[in-house]
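Below is one structure; the comments refer to it alone.
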Amino acid sequence: MGLANSQIMLDELHEKVVHGLVSVIITIKDQKDYLQQLDDDLHAGLREIDDPFEVIYVDDGSTDGSWLTLQQLARKSENRRVIKLRTAFGESSALQAAMEIARGQRIIYCTSRVRANSRDFGRLLKQLANADVVVGLRHPRRDSGFNQWISKAFNAITNHATKLHLHDVNSGVFAVRRQVLENVPFYGALNSFLPVLAHRQGFRIVEEPIEQLRGHFDTSLHPKDYVRRFLDLISVIFLSKYSKKPLHFLGFGGMVFALIGAFIDIYLFFYRLFGFGGIAGRPMLLLGTVLLVIGLQMIAIGLLGEMIIFTHARQIHEYNIEEIIN
Amino acid sequence: MRNEIDQIAPYLSVIVPFYNEVESIEKLWQTLFVSLEKLEKPYEVIFVDDGSRDGTRDIMRNLANEYKQLRIILFRANFGQSAAMAAGFEAARGEIVVAMDGDLQNDPDDVGRIVAKLEEGYDVVSGWRKDRQDKVISRKIPSKIANYIICSLTDVKLHDTGCSLKAFRGELLHRIALYGEFHRFIPALLRMEGARITEMPVKHHARLFGVSKYNISRTFRVIMDLTTIRMLMKHLHNPLSFFALFSVLTGVCGWITAFIGAQQLFSGSPHVDTLNISIIMTMLLWSASFMFIALGLVGKLIVSSGERRSFSLDYEKYGH
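Going down the list, the sequences are from chains A and B. Offset between the first sequence (1-based) and my numbering: plus 46. Offset between the second sequence (1-based) and my numbering: plus 1055.
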């Protein structure tokens, strides 16, 4: 399971952690012209925080020469570190990759797409003193009205499904204790759903408003990202709720389908038996039978899922321990 | 006594999961402490708190600071009883592990007796609330029915699988992993490892504090888990045979409808309705049949790629 692997990966890193250090992780995708300004702004903002920091730029497979600029930046000082993914793997993978080299006890994550004002990072860290995750709440927002509307709907669904009360779940900016990232299962889409996953593990989540700078490029998401994000939401909810019990989910769906199908078929059987007329031409016969077959298949797939979990049960840790005495 | 406990591994570990039991925890510890001291064997008690919000945790911390035999594990949030027991089992160092409820329904005096029963040469001893202090209609009868179904499906012969007071041989317990809601099926899971299981009548007290919850969604989940356990017990070693059974069933039905269709077709004056129905049915049944075979093969793949050992050694035979 990916979960176990990530755990091992993070355990190895544990020795490298530097006390008090803050790691600022910035994901970059095709933003060559903006990088210099981003770096200047960032360091201007970070100078205001008292703790030592390192900045990790992750190039998510840019094709516009961003990497060259990043390499130049990295030469400027020791605390600028850069890594490049071989191709575009997405922001979530970029964050994971950066976590592999990050040495900070506290992590600030920010996607460059959002253009958050780095002067607000100090406040995020301050909030982190009495919380485990601080989610940036974009205010005022600079993305398109349509984007904001979609985002609102998305937040409403997420909050409803997870019993969280956040206004901007996937703002793309958050500060988090390292311990949280080590305890949260990596389902992918981590950048968007860290608050959700951390919440399920019992960590404390708070919000802090963060200013979004006016940029010369669009900070909105591409329409295809909406679809992807929605699928991410479904998978995060499914995985965090049913990943250990696939049959609870598939068995229920399968049973409903199979019962409806069986009911339809029985009705048609008697309809034909008592001579009310032919049934072969009726779409209901097809519907009933298909439902019956699909229902049974869902149950079978659920059982298969249970088999997967059971054979890997040793790697499963469903709990998160806060304290042990004696 | 205390120093001894720090140095040597305890003989007996008692695991008690808690969730919002502020009224009963202190009393439970006092009675448990008294009856365990009487045994005169090194022991440890592990209290696992499953994210209580009612002050259970504070009492636990105080008790743990006072008594070194008491180890406590506090969860960050509510992860369910299986998770709590899994954490307790994992932390347990004893040769014998006893699990019991935190709501005073079990009698701590029974711990010694159940351990003695285990020492007779069993791997699992399950408590049997012979004289149950519950309402007949709402608790006893549903529980009897559930027990009958669970026992006949999981190949475990017990009168009361729902009783929380159970004793286990530690090394066997460490071979199983509890997750989801499998805490209800620990004897069945251990049965898969070849455990010798027996039962022993224990005392039962009426619930003093809190209410127990019963609901339809839980019943459904238990049925699903039971299906899973049954399937795992019977077919984990060869999932293909399990799915092949369904494949053959649907396949044979498909042949029957195909035969009916063919009969109609060659009869000279086919009954159109019957012919069409049989064509539809044959197609769907055969595709289902192929799907089941495919799933069986995937199942085979899953089991062979897993790390689970398919056998269990007898503890007496390899020397401990």
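We put the beta carbon where it would ideally sit given N, CA and C, even for glycine.
Residues bridged to residue i (per DSSP)
| i | result |
| --- | --- |
| V128 of chain A | A:Y103 |
| C156 of chain A | A:I72, A:V219 |
| P1376 of chain B | Only positions 1056 to 1375 of chain B appear in the structure, and residue 1376 of chain B is not among them; the question remains open. |
| P255 of chain A | A:L183 |
| N205 of chain A | In DSSP, N205 of chain A forms no bridge with anything. |
| A1154 of chain B | B:I1070, B:K1221 |
| A162 of chain A | A:Q258 |
| N229 of chain A | The partner list for N229 of chain A (beta bridge, DSSP) is empty, contrary to what the question assumes. |
| N1161 of chain B | B:H1259 |
Continuous beta strand (DSSP E) stretch holding residue i: start and end
| i | result |
| --- | --- |
| A221 of chain A | 219 to 223 |
| G1182 of chain B | 1179 to 1184 |
| I1101 of chain B | 1098 to 1104 |
| F1275 of chain B | From DSSP, F1275 of chain B is part of no beta strand (DSSP E) but of the alpha helix (DSSP H) over 1271 to 1290. |
| I419 of chain A | Absent from the model: residue 419 of chain A. The displayed extent of chain A is 47 to 372, so no value can be given. |
| I325 of chain A | It is not in any beta strand (DSSP E) - I325 of chain A carries neither H nor E in the DSSP assignment. |
| R1126 of chain B | 1125 to 1130 |
Continuous alpha helix (DSSP H) stretch holding residue i: start and end
| i | result |
| --- | --- |
| G168 of chain A | 167 to 174 |
| S1068 of chain B | Where S1068 of chain B is concerned, there is no enclosing alpha helix (DSSP H), although the beta strand (DSSP E) it sits in stretches over 1067 to 1073. |
| V1089 of chain B | 1080 to 1094 |
| I354 of chain A | 329 to 357 |
| L293 of chain A | 292 to 319 |
| R274 of chain A | 269 to 288 |
| R246 of chain A | 236 to 246 |
| I1332 of chain B | 1327 to 1360 |
| K122 of chain A | 112 to 122 |
| H89 of chain A | 78 to 92 |
| A389 of chain A | The displayed coordinates of chain A run from 47 to 372. Any statement about residue 389 of chain A would go beyond what the structure contains. |
| N1117 of chain B | 1111 to 1121 |
| L1245 of chain B | 1241 to 1247 |
| P1294 of chain B | 1294 to 1320 |
| K62 of chain A | Segment: none, K62 of chain A is in no alpha helix (DSSP H) and carries neither H nor E. |
| Y1203 of chain B | 1196 to 1209 |
| G1143 of chain B | 1136 to 1146 |
Whole-angstrom C-beta distance between residue j and residue i, which should lie under 8 angstroms
| i | j | result |
| --- | --- | --- |
| I1080 of chain B | G1157 of chain B | 7 angstroms |
| R184 of chain A | S217 of chain A | 5 angstroms |
| D1113 of chain B | I1127 of chain B | Actually they are not in contact, since the Cβ atoms of D1113 of chain B and I1127 of chain B sit about 11 angstroms apart, beyond 8 angstroms. |
| I1231 of chain B | E1248 of chain B | 6 angstroms |
| L131 of chain A | S139 of chain A | 7 angstroms |
| A177 of chain A | R250 of chain A | 5 angstroms |
| G150 of chain A | V64 of chain A | 7 angstroms |
| H1238 of chain B | D1186 of chain B | Not a contact, Cβ separation roughly 24 angstroms. |
| L1287 of chain B | F192 of chain A | That pair is no contact at about 49 angstroms. |
| G1110 of chain B | F1134 of chain B | Contact doesn't hold; Cβ gap of about 19 angstroms is too wide. |
| F1130 of chain B | E368 of chain A | 6 angstroms |
| N372 of chain A | A1119 of chain B | 6 angstroms |
Where residue i meets chain A, residues with beta-carbon distance less than 7 angstroms
| i | result |
| --- | --- |
| P1294 of chain B | M353 |
| R1116 of chain B | I371 |
| M1346 of chain B | Q343 |
Chain A residues whose Cβ lies nearer than 8 angstroms to that of residue i
| i | result |
| --- | --- |
| Y1074 of chain B | Ordered by position in chain A, no residue passes the 8 angstroms Cβ test against Y1074 of chain B, which lies about 13 angstroms from the chain. |
| R1126 of chain B | I370, I371, N372 |
| I1357 of chain B | L350, M353, I354, T357 |
| A1343 of chain B | V339, L342, Q343 |
| F1298 of chain B | A346 |
| I1063 of chain B | Ordered by position in chain A, no residue passes the 8 angstroms Cβ test against I1063 of chain B, which lies about 15 angstroms from the chain. |
Chain-ordered neighbours of residue i on chain B, where CB pairs are closer than 9 angstroms
| i | result |
| --- | --- |
| H294 of chain A | G1235, E1236, F1275, R1276, M1279, D1280 |
| L332 of chain A | I1335, L1339 |
Residues that residue i contacts on chain A, provided the C-beta gap is smaller than 9 angstroms
| i | result |
| --- | --- |
| F1301 of chain B | L342, A346 |
Closer than 7 angstroms at the beta carbon, the chain B residues around residue i
| i | result |
| --- | --- |
| Q247 of chain A | R1131, A1132 |
| T335 of chain A | I1335, M1336, L1339 |
Worksheet item: So does the stretch 185 to 201 of chain A actually touch the stretch 92 to 108 of chain A, counting three or more Cβ pairs closer than 8 angstroms?
Response: no
Item to complete: Would you check if the stretch 1279 to 1299 of chain B and the stretch 1351 to 1361 of chain B touch, i.e. whether three or more CB-CB distances between them fall below 8 angstroms?
Response: yes
Worksheet item: Quick check: the stretch 1232 to 1249 of chain B against the stretch 1199 to 1214 of chain B, are there 3 or more CB pairs under 8 angstroms?
Response: yes
Worksheet item: Counting Cβ pairs closer than 8 angstroms, one from the stretch 1136 to 1152 of chain B and one from the stretch 1223 to 1237 of chain B, do we hit at least three?
Response: yes
Discussion item. Does the stretch 1069 to 1077 of chain B come into contact with the stretch 1154 to 1173 of chain B, if we say contact requires no fewer than three beta-carbon pairs (one atom in each stretch) closer than 8 angstroms?
Written reply: yes
Worksheet item: Should the stretch 1328 to 1348 of chain B be regarded as contacting the stretch 1295 to 1311 of chain B, the criterion being three or more beta carbon pairs within less than 8 angstroms?
Response: yes
Discussion item. Taking contact to mean 3 or more Cβ pairs, one atom from each stretch, closer than 8 angstroms, check whether the stretch 334 to 342 of chain A and the stretch 305 to 318 of chain A are in contact.
Written reply: Counting C-beta pairs with one atom in each stretch, the stretch 334 to 342 of chain A and the stretch 305 to 318 of chain A have three or more that are closer than 8 angstroms, which means they touch.
Worksheet item: Between the stretch 309 to 326 of chain A and the stretch 1254 to 1262 of chain B, do at least 3 Cβ pairs fall closer than 8 angstroms?
Response: no
Discussion item. Taking 8 angstroms as the cut-off, does the stretch 286 to 297 of chain A touch the stretch 349 to 363 of chain A (at least 3 CB pairs, one atom from each stretch)?
Written reply: Proximity of the stretch 349 to 363 of chain A to the stretch 286 to 297 of chain A meets the contact definition, three or more beta-carbon pairs being nearer than 8 angstroms.
Worksheet item: Three or more beta-carbon pairs under 8 angstroms between the stretch 150 to 164 of chain A and the stretch 70 to 86 of chain A, yes or no?
Response: yes
Item to complete: Could you say if the stretch 104 to 122 of chain A and the stretch 76 to 91 of chain A meet the contact criterion of at least three C-beta pairs nearer than 8 angstroms?
Response: Contact between the stretch 104 to 122 of chain A and the stretch 76 to 91 of chain A is present, because at least three Cβ pairs lie under 8 angstroms.
Worksheet item: If we count Cβ pairs, one from each stretch, closer than 8 angstroms, do we get three or more for the stretch 208 to 216 of chain A versus the stretch 240 to 247 of chain A?
Response: yes
Practice prompt. Determine contact between the stretch 1179 to 1196 of chain B and the stretch 1092 to 1104 of chain B, defined as no fewer than three beta-carbon pairs at a distance below 8 angstroms.
Written response: Under the Cβ criterion (8 angstroms, minimum of three pairs), the stretch 1179 to 1196 of chain B does not count as touching the stretch 1092 to 1104 of chain B.
Fill in: Contact the stretch 318 to 336 of chain A vs the stretch 270 to 280 of chain A: 3+ CB pairs below 8 angstroms
no
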